[in-house]
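Numbering (our numbering), first residue to last: 23 to 269.
We treat Cβ as the ideally placed atom computed from N, Cα and C, and that holds for glycine.
Keep in mind that this is a model prediction, so the values were computed, not measured.
Here is the structure we will look at, set down as structure tokens.
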């Protein structure tokens with residue numbers, strides 16, 4: 023997976039779904055564009071059906087590196103709500119034909135992806151800042167990179183110097199491909215001004231809105247992550263093979 027830096031779009035530009043006409047013209051990867059999403063996996067439907075999971079089942083950011091342990095935890099899919107307003111998200115994505123090497127390249131670490139996307143009905147204008155896995159406790163020597171990799175990032179807003187969460191996608195090899203164990207910690211105590219910024223009155227107003235995300239937002243993130251990563255798995259092996267020829 024390569025990190026592509028794009029300039030921030032014009033603030034006056036109208037939000038849209040999908041691609042603008044001509045946006046993919048001349049791009050070698052245009053043939054992989056497919057706006058039709060696969061149905062949401064049944065295990066995700068079952069996980070969010072009962073509502074939030076008990077907080078004691080959740081993995082904390084301090085223990086994120088335990089995702090490299092063999093087996094599974096008690097809480098692999100769903101969401102939980104905490105008293106401080108923060109939420110925890112967990113999804114498991116099965117990725118046939120995918121290998122950890124397809125997403126485990128170091129070239130995106132230290133970069134920022136600016137992403138405008140809908141999570142549920144809300145448009146998020148995000149700055150996803152990729153950090154070294156050691157920031158969440160993963161060791162370079164803990165696992166063979168051909169067998170597993172961890173993608174870690176801080177999630178913030180792109181137009182406001184405010185961060186509001188952390189994420190990790192831990193990809194490990196399994197029979198027939200790989201699986202991605204994703205975790206998000208967002209809102210509540212994770213909301214903080216970006217380095218060098220201070221909580222001025224207008225920034226505090228935005229921060230307060232992010233501190234209590236609620237059930238609806240948490241559920242939407244579970245669905246969004248599952249759909250997005252299942253969609254990625256559908257074309258990643260082919261686009262990776264072709265990309266190799268351009269290096």
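Task: Where the beta strand (DSSP E) through residue 201 begins and ends - done: Position 179 of the chain shown holds residue 201. Per DSSP, residue 201 belongs to the beta strand (DSSP E) from 199-208.
- [ ] Would you decide whether residue 52 is buried or exposed? Buried here means 16 or more other CB atoms lie within 10 Å of its CB.
- [x] In the chain shown, the residue the question calls residue 52 occupies position 30. It is exposed - the Cβ of residue 52 has fewer than 16 other Cβ atoms within 10 Å.
- [ ] Output yes or no for whether 8 Å exceeds the beta carbon distance between residue 99 and residue 131.
- [x] On the chain shown, position 77 is the one that residue 99 refers to. On the chain shown, position 109 is the one that residue 131 refers to. In this structure, residue 131 does not lie closer than 8 Å to residue 99 by Cβ.
Task: Nearest candidate by alpha-carbon position, reference residue 60, set 257, 46, 105 - done: Residue mapping note: residue 60 aligns to position 38 of the chain shown, counting from 1. That would be 257, whose Cα lies nearest to the Cα of residue 60.
TODO: Assign residue 75 to buried or exposed, taking buried as 16 or more other Cβ atoms, counted over all protein chains shown, within 10 Å of its Cβ.
DONE: Numbered from its first residue, the chain shown carries residue 75 at position 53. Residue 75 is buried by the Cβ-count criterion.
TODO: Going by CA-CA distance only, name the one from 49, 153, 127, 64 that's closest to residue 113.
DONE: Counting from one through the chain shown, the residue named residue 113 turns up at place 91. With respect to the C-alpha of residue 113, the residue from 49, 153, 127, 64 having the closest C-alpha is 64.
Task: Residue(s) in a DSSP beta bridge with residue 73 - done: Residue numbering aside, residue 73 sits at position 51 when the chain shown is read from its first letter. For residue 73, which the question treats as bridged, DSSP gives no partner whatsoever.
- [ ] Just the C-alpha distance for residue 235 and residue 109, rounded to the nearest angstrom, thanks.
- [x] Mapped onto the chain shown, residue 235 falls at position 213. Mapped onto the chain shown, residue 109 falls at position 87. Their Cα atoms are separated by approximately 7 Å.
Task: Minimum C-alpha distance to residue 241 - residue among 111, 186, 195, 49 - done: Residue 241 sits at position 219 when you count from the first residue of the chain shown. Closest option to residue 241, Cα to Cα, is 111.
Task: 8 Å contact criterion, which residue 199 and residue 125 should meet: CB distance rounded - done: Position 177 of the chain shown, counted from the first residue, corresponds to residue 199. Position 103 of the chain shown, counted from the first residue, corresponds to residue 125. Not a contact, Cβ separation roughly 12 Å.
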